[in-house]
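Student:
In this note's numbering, the protein residues as written are 727 to 814.
Quick look at the structure:
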């Protein structure tokens, strides 16, 4: 499914773009920030793989792809927003 491939690629690139903000965080927040970045990268790769393996007969890949997208938005984005709001 092309949407999963494009979405996964966009999220993967964004994980590196968000890595730039690491310099603006307090020392105690960097470990959690790195965890969010790592989660975003791995989940983005899984989303790309789900898109490459997708065939219409296998609905579980479509369902899994949507779960990857929602988890990226909810988990990683919430951490990024918390840290950006509380930066020094």
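For glycine and all other residues, C-beta sits at the position ideal for the given N, C-alpha and C. For clarity, every value in this text was computed on a predicted model and none was experimentally measured.
1. Apart from the five residues just before and just after residue 770, which ones in its own chain have a Cβ nearer than 6 Å to its Cβ?
2. By the 10 Å Cβ neighbour count, where 16 or more other Cβ atoms means buried, how is residue 768 classified, buried or exposed?
3. When the distance is taken between beta carbons, is residue 759 closer than 7 Å to residue 752?
4. Whole angstroms is fine: what's the gap from residue 778's alpha carbon to residue 727's?
5. Using C-beta distances below 6 Å, list every residue in its chain close to residue 774, excluding the 5 sequence neighbours before and after it, in chain order.
Tutor: Straight from the coordinates:
1. Mapped onto the chain shown, residue 770 falls at position 44. Within the same chain, residue 770 has close Cβ partners 734, 737, 738.
2. Counting from 1 along the chain shown, the entry for residue 768 is found at position 42. So residue 768 counts as exposed.
3. Here residue 752 refers to the residue found at position 26 when the chain shown is read from its first residue. Here residue 759 refers to the residue found at position 33 when the chain shown is read from its first residue. For residue 752 and residue 759, no; Cβs fall outside 7 Å.
4. The residue labelled residue 778 in the question sits at position 52 within the chain shown. The residue labelled residue 727 in the question sits at position 1 within the chain shown. When rounded, the distance between both Cα atoms is 7 Å.
5. Within the chain shown, the letter at position 48 stands for residue 774. Cβ within range, chain order: 731, 734.
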